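J.: Below: one structure in structure tokens.
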Amino acid sequence: MIEINKIGSEISYALYHKIPSLVYPYLFINKIVRSKIELPMDANYRIIYYHSVSNKNKELFENQIRYLNKNYTIVELDEIISSSKELNSDKKYLSITFDDGFLDNYTVAFPILKKLSIPATFFITPKLIEMSCRDKVDYKKYFKKHFNKIKIQKSMTWDQIRELNLNGYDIGCHGYTHKDIGKIGNDEEMQKEITYTKSIIENELNKKVKYFAFPYGKKANISEEAVIEVIKSGYKACFSADRGWNIGKKCIYYRDGIEPWFKPYILKSILNGEIDHLTNIHYYNSINENINC
Ligand SMILES: [Zn+2]
């Protein structure tokens, strides 16, 4: 089982984000290997994240949101994280987030979410917005260096982000440059990515920024020092890109990476926690226990 988990960890990113045709066989094998999945008690809150929602995937995205809306109670992060509200154990709760601040979040995802009255949080990267005003070659260079993506994506503008916010959508921080915070060696750089960025977004929106999503968001990209910096800077909580149930108040929460083309079968399987074993929960438990949030 250890070997299977190890191999699973290494290939899961590729399977879920790069090679659609392998997702179904992987889930099938996974189900056979782990025939009995034990759900933790009170397991009823998950958070998902998207990156780009291209025009090509518009219809798939809308179908997916309708499916989620039918099967889950979709709530704002605030409703669970910043309130002392007791969750109804008969319901399944879900929050939707977007990372990076790509233009298609505004042009494709936002109109669909608005039409269906679905809340969401958009985690943005101020340097991406700044660079989008520069020369195309500079933007391309910056994008290739800081985003692990093949296709160059355009950024939302501050005006578009303000419009999202005026429509009730929450805006969070996703680092200043989208640097891998797990590899940052000095305090000054860490403060720039976490603390300074918070003030940039707050000045642009004239509103407090409450949440931080770690760029890349896996265990290797998150240190305990960085989570301490996040909480010290006045954020209420932060988010990884590792899968899991969110039970009780924490400093750092789990999130499931979702692609608009995932079919209901895949969504259901992920949101039931069927591949949560790929996450090192001991790592996150220790951070949450060591920091008083
Ligand atoms: Zn990102």
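Sequential numbering of the sequence shown, starting at 261, is according to the numbering used here. We put the CB at the ideal spot given by N, CA and C, even for glycine. These numbers were taken from a predicted model, which means no experiment stands behind them.
So is the beta-carbon of residue 472 under 8 Å away from any non-hydrogen atom of ligand 1?
T.: Residue 472 Cβ: outside cutoff for every heavy atom of ligand 1.
J.: Applying the 10 Å Cβ sphere with the 16-neighbour rule, what's the burial state of residue 481?
T.: Residue 481 is buried by the Cβ-count criterion.
J.: Would you decide whether residue 431 is buried or exposed? Buried here means 16 or more other CB atoms lie within 10 Å of its CB.
T.: Buried is the call here.
J.: Whose CA, out of 533, 455 and 389, lies closest to the CA of residue 420?
T.: It is 389 whose Cα lies nearest to the Cα of residue 420.
J.: Ligand 1 heavy atoms versus the CB of residue 476: any closer than 8 Å?
T.: Result yes, Cβ under 8 Å from ligand 1.
J.: Taking 8 Å as the cut-off, is the beta-carbon of residue 360 closer than that to any non-hydrogen atom of ligand 1?
T.: Under cutoff, so the answer is yes.
J.: Could you tell me if residue 386 is buried or exposed, where buried requires 16 or more neighbouring beta carbons within 10 angstroms of its beta carbon?
T.: The residue is buried, with at least 16 neighbouring Cβ atoms inside 10 Å.
J.: Spatial neighbours of residue 369 within its chain, please: C-beta separation below 6 Å, excluding the five flanking residues on both sides.
T.: Closer than 6 Å at the Cβ level, and outside the excluded window around residue 369, lie 313.
J.: Excluding five sequence neighbours on each side, which residues of the same chain lie with their C-beta closer than 7 Å to the C-beta of residue 491?
T.: For residue 491, where only same-chain residues beyond five positions count, the Cβ hits under 7 Å are 511, 551 and 553.
J.: Mind checking who residue 497 pairs with in its DSSP beta bridge?
T.: Answer by DSSP bridge pairing, in chain order: 471.
J.: Looking only at its chain, what residues have a beta carbon closer than 7 Å to the beta carbon of residue 462, apart from the 5 residues adjacent to it on each side?
T.: Closer than 7 Å at Cβ, skipping near neighbours: 468 and 469.
J.: Measuring CB atoms only, is the segment 405–420 touching the segment 352–367, in the sense that at least three cross pairs come out at less than 8 Å?
T.: Segments in contact, yes.
J.: What is the residue span of the alpha helix (DSSP H) that residue 385 lies within?
T.: No alpha helix (DSSP H) contains residue 385, which DSSP labels as neither H nor E.
J.: Output the residue ranges of the beta strand (DSSP E) runs that lie fully inside the segment 332–374 and measure 3 residues or longer, sorted by chain position.
T.: Listed in chain order, the complete beta strand (DSSP E) runs (minimum 3 residues) inside the segment 332–374 are 353–360.
J.: Is residue 385 close to ligand 1? I mean its beta-carbon at under 8 Å from any heavy atom of the ligand.
T.: Checking the Cβ of residue 385 against ligand 1 gives yes.
J.: Buried or exposed: which applies to residue 542, given that a residue is buried once 16 or more other Cβ atoms fall within 10 Å of its Cβ?
T.: Flag for residue 542 reads exposed.
J.: May I ask you to list the residues that DSSP assigns as paired with residue 516?
T.: Paired residues: 308.
J.: Buried or exposed for residue 376, going by 16 or more other Cβ atoms inside 10 Å?
T.: Answer is exposed; the Cβ neighbour count stays below 16.
J.: Is it right to say residue 266 is buried, meaning 16 or more other beta carbons lie within 10 angstroms of its own, or is it exposed?
T.: Confidence at residue 266 is low in this model, with a pLDDT of 44, below 50, so its placement is unreliable and the value that follows should be read with caution. It counts as exposed.
J.: For ligand 1, is there any heavy atom lying closer than 8 Å to the beta carbon of residue 537?
T.: The answer is no for residue 537.
J.: Mapping DSSP to helix, strand and coil, what is residue 454?
T.: Correct three-state label for residue 454: helix.
J.: Going by DSSP, what residue range makes up the beta strand (DSSP E) through residue 430?
T.: From DSSP, the beta strand (DSSP E) with residue 430 extends over 430–433.
J.: Where residue 308 and residue 332 are concerned, what is the direct C-alpha to C-alpha distance, given to the nearest angstrom?
T.: Answer to the nearest angstrom: the Cα atoms are 12 Å apart.
J.: Examine ligand 1 and report whether any of its heavy atoms sits within less than 8 Å of the Cβ of residue 499.
T.: Because no heavy atom of ligand 1 lies under 8 Å away, the Cβ of residue 499 does not count as near it: no.
J.: Go ahead and label residue 397 buried or exposed: buried means 16 or more other beta carbons lie within 10 angstroms of its beta carbon, across all protein chains shown.
T.: That one is exposed.
J.: How should residue 394 be labelled, buried or exposed, when 16 other C-beta atoms within 10 angstroms of its C-beta is the threshold for buried?
T.: That one is exposed.
J.: Can residue 407 be considered in contact with ligand 1, in the sense that its beta carbon sits closer than 8 Å to one or more heavy atoms?
T.: Yes; taking the cut-off as 8 Å, the Cβ of residue 407 has a heavy atom of ligand 1 nearer than that.
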